[in-house]
Amino acid sequence: MEFFLDTGIVEEIRGAAPWGIVDGVTTNPSLIAKSGRSQKDVITEICTIIDGPISAEVISTDQEGMINEAKELATLHDNVVVKLPLTEAGIGACKVISGMGIRTNVTLCFSPNQALLAAKAGATYISPFIGRLDDIGHSGVHLIEEIRAIYDNFGYPTKILAASIRHADHVRLMALAGADVATMPIKVMKSLFQHPLTDKGLSSFLADHEKANS
Ligand code: E4P
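Heads up, the sequence shown is in my numbering, so the first residue is 100 and it goes up one at a time.
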């Protein structure tokens, strides 16, 4: 399973990069806005830190505008993946852009049928938003399970990129449900390391070592 960081803050990415387990990065217009910088600057800098897929989202809502933006974003770095919303224009743009060899991430997916559309349009990634579904009392995990089954039924190569992950247990559930990728905020990635018995065990090992060598 691949782990992506879901952020536009480069300091967070620099802090996590030495762990060696960050395979890529996702951004969206809200995350870029939080950074206070331009999308171009943020994406270009991220590409110098992580050698993996870096998602950059278009702002246009019409197909032609999306295609033009996608071409421009793709010139920033070979690792740029163009993020497109799951609308009629977004799916149409996905089909055209995929045909040009540009990698795509279809975002704002909330149903299996939407995921099917993205796969048919040749999307590299589909981003189902788990947390936002859970927030309204639906099951994000069930959505991933259904998309996994549909993609496996037809052998679609589109990767399932579980997004809108809110806590560590979402990551476990996504791994069990067969998501190819989990993108998560730095806080969630850090929480994956934590277990009280690890801390307790380590401090007693260190205390015993200290005693034996004093
Ligand atoms: C990433 O690709 C998504 O845009 C992001 O995970 C959405 O997360 P949110 O629901 O916490 O805004």
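The C-beta atom is built at its ideal place from N, Cα and C for all residues, glycine as well.
Close beta carbons around VAL180, own chain, < 6 angstroms, minus the five adjacent residues each side: Answer for VAL180: PRO152, SER154, ARG202 and ASN204, listed in chain order.
8 angstroms contact criterion, which ILE264 and ALA281 should meet: CB distance rounded: Yes, ILE264 and ALA281 are in contact; Cβ-Cβ is about 6 angstroms, under 8 angstroms.
ILE285 versus ASP105: straight-line alpha-carbon distance, rounded: Distance between the alpha carbons of ILE285 and ASP105: 7 angstroms.
C-alpha distance - LYS182 paired with SER159, whole-angstrom precision: In a straight line, the C-alpha of LYS182 is about 11 angstroms away from that of SER159.
Alpha carbon of VAL287 to alpha carbon of ALA267, nearest angstrom: A straight line joining the alpha-carbon of VAL287 with that of ALA267 spans about 6 angstroms.
Extent of the continuous beta strand (DSSP E) run through SER154: Residues 153-156.
Exposure label - GLN213; buried when at least 16 CB within 10 Å: Burial call: buried.
Beta strand (DSSP E) segment containing TYR224, residue limits: First-last of the beta strand (DSSP E) with TYR224: 224-227.
Neighbourhood of LYS139 by C-beta distance below 8 angstroms, restricted to the same chain and skipping five residues each side: The residues are LEU175.
Any non-hydrogen atom of the ligand E4P within 7 angstroms of PHE228 CB: Result yes, Cβ under 7 angstroms from the ligand E4P.
Assumed close pair ILE71, ALA262 - CB separation to whole angstroms, cut-off 8 angstroms: Within the shown structure, residues of the chain are numbered from 100 to 313, placing residue 71 beyond reach of any answer.
Three-state secondary structure (DSSP) of VAL280: Strand, per DSSP.
Cα-Cα separation between GLU163 and THR206, rounded to whole angstroms: Distance between the alpha carbons of GLU163 and THR206: 18 angstroms.
N- and C-terminal bounds of the alpha helix (DSSP H) containing PHE253: Segment 239-253, the alpha helix (DSSP H) holding PHE253.
Opening and closing residue of the beta strand (DSSP E) in which GLY123 lies: GLY123 -> beta strand (DSSP E) spans 123-125.
Residue nearest to ASN161 in terms of C-alpha spacing, selected from GLY107, LEU301 and PRO184: It is worth fixing the name first, because residue 161 is Asp in this sequence and not Asn. From the listed residues GLY107, LEU301 and PRO184, the smallest Cα separation to ASP161 is found for PRO184.
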